[in-house]
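J.:
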């Protein structure tokens, strides 16, 4: 009984709003929100009234910018029937609840469940646009939902508004991931910068669409663009989450190969593989080629190792010859100075140690450093002989 009396009380408030009251609200936005509160689910609206308002909105929407909520109250309170504020508010509430209209404030659509969110804000009526909501046909929605299910997941909803919300959530998550990928490409260490920018641009354009219908229409009318975006994102995600470490390893490998690039390219079997490997690692979109990189490296590596070993053997022999010459020169000085055995040992020990390292430990690229050590040891040996002779 108490609830029934409350409803009657609210309904009487609506009935008490006169034409002058409504005109004042439309003109000055001074009506207190307590006069326009609607009980949830309280809709007593004739279909003819709904149709009349929708005709007005459709006509205005097709020829002018979206009509303001204050203009709706003004228009239907100023007709021969002189509709009350309660009647107008009830129609707006019904249309909104049935998702026949949307209300936009500063370009942002309200997707709230109940119209009281904006009907109570009478001071905002001059800024709230009322837009007839466009909806896809059932067959179109099935196709759109199928596309989204294929691209974004099996739990994709079939309702247009729920699907728009689902897509917004998915796109927002992808935007965050793309931003993280973009930070990784800033130093030029990884590929994909152009694709990341393209994906982010697609997201910005989609998010800038205010009308939920227009958002969902992109899925219907620009399906190929959405599919391209989704496939590109999936490739970027796979690369940065699963292959970035391998990419770094590949780059280090080709850097080592580059030390003997001319010799590798002189090998008929390795030339084509090395050229292709270098081309892949310079690509901005190498995704289709990544599975073949390990095979290319496996074929080039034996050629590289053969060339490297040949180079090292030559360098090793040349270095040993140089150190042996140093030892011979120091030995000659020691003989001429009639040096004692302890002086001889002190003068030659460092050069002999360095020679042994180069002969037995295969120091690789460090051989140049050992040659520097040998030169320093040679000068030190000369000083020892001259100072103790």
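In our numbering, the protein residues as written are 20 to 408. Built from N, CA and C at the ideal position, the CB exists for glycine as well.
Taking all protein chains shown into account, decide if residue 293 is buried (16 or more other Cβ within 10 angstroms of its Cβ) or exposed.
T.: Under a 10 Å Cβ-count criterion, residue 293 is classified as buried, with 16 or more other Cβ atoms of the shown protein chains found around its own Cβ.
J.: By the three-class DSSP mapping on this structure, what secondary structure does residue 148 have?
T.: strand
J.: Within the same chain, show all residues whose beta-carbon is closer than 7 Å to that of residue 386, passing over the 5 residues directly before and after it, in chain order.
T.: 334, 335, 338, 377
J.: Quick one: Cα of residue 288 to Cα of residue 264, how far?
T.: One Cα belongs to residue 288, the other to residue 264, and the distance between them is close to 28 Å.
J.: DSSP on residue 197, reduced to helix/strand/coil?
T.: helix
J.: Can you tell me whether residue 122 is helix, strand or coil according to DSSP?
T.: strand
J.: Since residue 255 and residue 214 should fall inside the 8 Å C-beta cutoff, what is the C-beta to C-beta distance between them, to a whole number of angstroms?
T.: 6 Å
J.: Any idea if residue 270 is buried or exposed, counting beta-carbon neighbours within 10 angstroms, 16 or more meaning buried?
T.: exposed
J.: Would you tell me roughly how many angstroms separate the C-alpha atoms of residue 101 and residue 248, rounded to the nearest one?
T.: 53 Å
J.: Could you tell me which uninterrupted alpha helix (DSSP H) segments, each at least 4 residues in length, are contained entirely in the segment 355 to 394, listed from first to last along the chain?
T.: 360 to 379
J.: Considering only residues of the same chain and omitting the five flanking positions on each side of residue 409, which have a CB-CB separation below 6 Å?
T.: There is simply no residue 409 to check, as the chain begins at 20 and stops at 408 in what is shown.
J.: Apart from the five residues just before and just after residue 147, which ones in its own chain have a Cβ nearer than 6 Å to its Cβ?
T.: 88, 122, 124, 137
J.: Check this for me: beta carbons of residue 163 and residue 91, under 7 Å apart or not?
T.: Not in contact: residue 163 and residue 91 (Cβ atoms no closer than 7 Å).
J.: Please classify residue 105 as buried or exposed, where buried requires at least 16 neighbouring CB atoms within 10 angstroms.
T.: buried
J.: At the level of alpha carbons, what is the spacing between residue 357 and residue 267?
T.: 59 Å
J.: Quick check on residue 393: buried or exposed, where buried means 16 or more other Cβ atoms within 10 Å of its Cβ?
T.: buried
J.: Relative to the C-alpha of residue 180, which residue among 190, 365, 207, 230 is closest?
T.: 230
J.: Rounded to the nearest angstrom, what separates residue 141 and residue 173 at their Cα positions?
T.: Residue 141 and residue 173: Cα-Cα distance of roughly 42 Å.
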